[in-house]
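Number of protein chains: 2
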Amino acid sequence: MFKDLDPLLHSQLRLAIISLLISVESAEFTFIKEKTGATAGNLSVQIDKLSTAGYINVNKSFKGKMPLTTCIITKKGIKAFEDYVKSLQQYIKK
Amino acid sequence: MFKDLDPLLHSQLRLAIISLLISVESAEFTFIKEKTGATAGNLSVQIDKLSTAGYINVNKSFKGKMPLTTCIITKKGIKAFEDYVKSLQQYIKK
DNA sequence: GAATTAGGTTTATAATGTAAACTACTTTAC
DNA sequence: GTAAAGTAGTTTACATTATAAACCTAATTC
Numbered sequence: 000m001f002k003d004l005d006p007l008l009h010s011q012l013r014l015a016i017i018s019l020l021i022s023v024e025s026a027e028f029t030f031i032k033e034k035t036g037a038t039a040g041n042l043s044v045q046i047d048k049l050s051t052a053g054y055i056n057v058n059k060s061f062k063g064k065m066p067l068t069t070c071i072i073t074k075k076g077i078k079a080f081e082d083y084v085k086s087l088q089q090y091i092k093k
Numbered sequence: 000m001f002k003d004l005d006p007l008l009h010s011q012l013r014l015a016i017i018s019l020l021i022s023v024e025s026a027e028f029t030f031i032k033e034k035t036g037a038t039a040g041n042l043s044v045q046i047d048k049l050s051t052a053g054y055i056n057v058n059k060s061f062k063g064k065m066p067l068t069t070c071i072i073t074k075k076g077i078k079a080f081e082d083y084v085k086s087l088q089q090y091i092k093k
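Read top to bottom, the protein sequences are chains A and B. Each residue of the first sequence is one higher than the one before, counting from 0 in numbering that gives the first Met the number 0. Each residue of the second sequence is one higher than the one before, counting from 0 in numbering that gives the first Met the number 0.
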């Protein structure tokens, strides 16, 4: 009856991250932090989980001398998001 | 940017329960158990949380000699569900 | 050169979800 | 009639998850 919801995406912050990345295709850590309102610590952890799952790619470089973390969604991430939304529809359509 | 998602509804099982109750208006414990595939213990706990929040009303009676638990969604529950869905749209629209 | 800010990561704790174990009663089998 | 199995749940203990506080490294400001 109810399809399982990918637990990795069924989390407010991780869903917001993916939702952002779907539209922009590339985003800096601080940009995501501002948009989501998350604390840096929490964001760091959640980005790591999405990365470990292969849903996003994380690139660490330097902007001048400051560290710069950039995130890009992967095909796997896009697919997972689409599946998640599809499953979710079952729950929220009246 | 991203509205908060009611944590009480942002849970697969509780969302499934509310989703069911939205359409049927009254459902027995065992019916919900079958439809959601949840274990009785888990279902009992989650129904309790929804009830404590005032999202559903729980009625305990007897069918013949067996205990019978029936759930009905409240106006508050309907409102919460609608708000949740509305907030969620922000996350899942591309 | 001390304090503040930037850009994060690590870790400790709180909150949550879930299944296993249990209660209470009923029905069926012997 | 009583032992075994089934029904309808609840309680409790454990595992997972989420989150913020504390920390780190380096740069900037005063």
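Heads up, the beta-carbon is just placed ideally off N, CA and C, and yes, glycines get one too. It should be emphasised that the depicted structure is a prediction, and the values quoted were computed from it without experimental measurement.
>> For A37/B, would you say it is in contact with chain A, using Cβ-to-Cβ distances shorter than 7 Å as the test?
In response: Taking the first residue of the second sequence as 1, we reach residue 37/B at position 38. Answer no: the Cβ-Cβ gap between A37/B and chain A never drops below 7 Å.
>> Once DSSP output is grouped into helix, strand and coil, what is the label at A79/A?
In response: If you number the first sequence from 1, residue 79/A lands on position 80. A79/A falls in the helix class under three-state DSSP.
>> Judging by CA-CA distance, which residue of S10/B, Q11/B, S25/B, A37/B is the nearest neighbour of N58/B?
In response: Along the second sequence, one-based indexing puts residue 58/B at 59. That would be S25/B, whose Cα lies nearest to the Cα of N58/B.
> Would you report the Cα separation of T69/B and E27/B, rounded to the nearest angstrom?
Replying inline: Counting from one through the second sequence, the residue named residue 69/B turns up at place 70. Counting from one through the second sequence, the residue named residue 27/B turns up at place 28. The alpha-carbon atoms of T69/B and E27/B are separated by roughly 4 Å.
> Taking the Cβ atom as the reference point for each residue, do A15/A and F1/B lie within a distance shorter than 7 Å?
Replying inline: As a position in the first sequence, residue 15/A is number 16, starting the count at 1. As a position in the second sequence, residue 1/B is number 2, starting the count at 1. Closer than 7 Å, so yes.
>> Closer than 8 Å is the cut-off here; do at least three beta carbon pairs connect the segment 43-51 of chain A with the segment 5-22 of chain A?
In response: yes
> What residue range is occupied by the uninterrupted alpha helix (DSSP H) comprising K32/A?
Replying inline: Translated into positions along the first sequence, residue 32/A becomes position 33. First-last of the alpha helix (DSSP H) with K32/A: 28-35.
>> Quick check on the DSSP output: the alpha helix (DSSP H) that includes L67/B runs from which residue to which?
In response: In the second sequence, residue 67/B corresponds to position 68, counting from 1. Counting along the chain, L67/B falls outside any alpha helix (DSSP H), though it belongs to the beta strand (DSSP E) covering 65-72.
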